[in-house]
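The structure under discussion appears below in the form of C-alpha cells.
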Amino acid sequence: MDVYEAVDSRRAVRAFGDEPVPKAVLDRVLAAAARAPSSGNLQPWHVYVVTGEPLAELKRRATTRALTGDPGDEREYPMYPPELASPYIDRFSAAAALRYEALGIERDDPDRPMKIAALNTGAFGAPVVLFCYLDRTMGPGQWADAGMYVQTVMLLLRAEGLHSCPQVMWTQYRRTVSQLVGADDGRVLYCGVSVGFEKEGAPRLRTGRADVTETVSFLGA
1128 MDVYEAVDSR RAVRAFGDEP VPKAVLDRVL AAAARAPSSG NLQPWHVYVV TGEPLAELKR
1188 RATTRALTGD PGDEREYPMY PPELASPYID RFSAAAALRY EALGIERDDP DRPMKIAALN
1248 TGAFGAPVVL FCYLDRTMGP GQWADAGMYV QTVMLLLRAE GLHSCPQVMW TQYRRTVSQL
1308 VGADDGRVLY CGVSVGFEKE GAPRLRTGRA DVTETVSFLG A
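Going by my numbering, the sequence shown opens with residue 1128, and the numbers climb by one from there.
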C-alpha cells in the first residue's frame, strides 16, 4: 500500500471484529511511527498499549460509568471551540448526522447520549486501544507533534491492513484510564486510538471533505 492509498483508505472505523492484532505488528508500527515529525526532537508522546484482560476491565469500568449516567471527568482541554461558526459548524453537523445513522441511533432518541457513550467506552469492539499521553509541561507545539505522531500511527496501521478510530472521548474517563494504565499526574491524556480489523458486514461511514479550493491558497504558482 502506498502513502496515497493509506491516506485515502484511512477512516474512523466504529465496528471492529474480535480477531487479535499480532504484537509483532504493533511493535513494527510503533517503532516506525517514532520517525514522526517532532519539533526540537522532543518526541513528547508516551503511549500505553492496552489489550487482553486489562482492556476488557477498562471497558467494563468505563461502560459502567457511561450506563449509570456518570457525566465523566472534567475536560483538561476543550475538544472544540465554544462557538463554531460556518463553515465549521456545517461540516460538524453533516458528519454527526452520518455518524448517528451508521450507528443506528436516532437523533431524537432520549437515550442517545448514553448509547453513544457506551459504544465509545466499548472501543467499538476493538481488541487494542492505544492511549497517547503528553507531559503536562508541554505546550501547543508539542500537542501538534502528538497529532502528527497519531496520524503517522494510523497510516502505518493501514499499511498493515488494520483500521483505527481516534477517540478524544476517553479524556472524559481519564481517571479510569490513568488508574488502569498507571499514568501519573504528570501526564495528560491526549486521546485513545482503537485498533483492529474491521468487522465484516458493518455499515461503512465515510465523511466528505471540503473542496481543496476552500482550504488551500496558492501564491506565486
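Glycine residues also receive a C-beta, built at the ideal position from the N, C-alpha and C atoms.
Note that the coordinates shown come from a computational prediction; the quantities given were computed from them, not determined experimentally.
Out of 1260, 1275, 1290, which one is the CA nearest neighbour of residue 1253? Among 1260, 1275, 1290, the Cα nearest to that of residue 1253 belongs to 1290.
Out of 1210, 1270, 1271, 1147, state which residue places its alpha-carbon closest to the alpha-carbon of residue 1256. Just measuring C-alpha positions, the residue of 1210, 1270, 1271, 1147 sitting nearest residue 1256 is 1147.
Backbone CA spacing between residue 1133 and residue 1328 [nearest angstrom]: Whole-angstrom Cα-Cα distance: 21 Å.
From residue 1181 to residue 1323, what distance separates their C-alpha atoms? C-alpha separation (whole angstroms): 16 Å.
Per DSSP, which residues does residue 1174 bridge with? Please list them. DSSP output for residue 1174 lists 1259 as bridge partner(s).
Hey, would you say residue 1177 sits closer than 8 Å to residue 1308, going by beta carbons? Yes. Within cutoff.
How far does the alpha helix (DSSP H) with residue 1268 in it reach, from first residue to last? Its alpha helix (DSSP H) spans residues 1267 to 1286.
Can you list, in chain order, the residues of its chain with a C-beta nearer than 6 Å to that of residue 1193? Leave out the 5 residues immediately preceding and following it. Hits under 6 Å: 1244, 1245, 1248.
Looking at the secondary structure, which residues open and close the beta strand (DSSP E) in which residue 1320 lies? That run of the beta strand (DSSP E) goes 1314 to 1323.
How is the alpha helix (DSSP H) around residue 1220 delimited, first residue to last? Looking at the DSSP string, the run of the alpha helix (DSSP H) that includes residue 1220 is 1215 to 1230.
Excluding the five sequence neighbours on either side, which residues of its own chain have a C-beta within less than 6 Å of the C-beta of residue 1164, listed in chain order? For residue 1164, where only same-chain residues beyond five positions count, the Cβ hits under 6 Å are 1275.
My guess is that residue 1269 and residue 1171 are in contact by the Cβ rule of under 8 Å, so how many angstroms apart are they, rounded? 4 Å between Cβ atoms; contact.
For the candidate residues 1168, 1297, 1339, 1325, whose alpha-carbon lies nearest to that of residue 1186? With distances taken between Cα atoms, residue 1186 lies closest to 1297.
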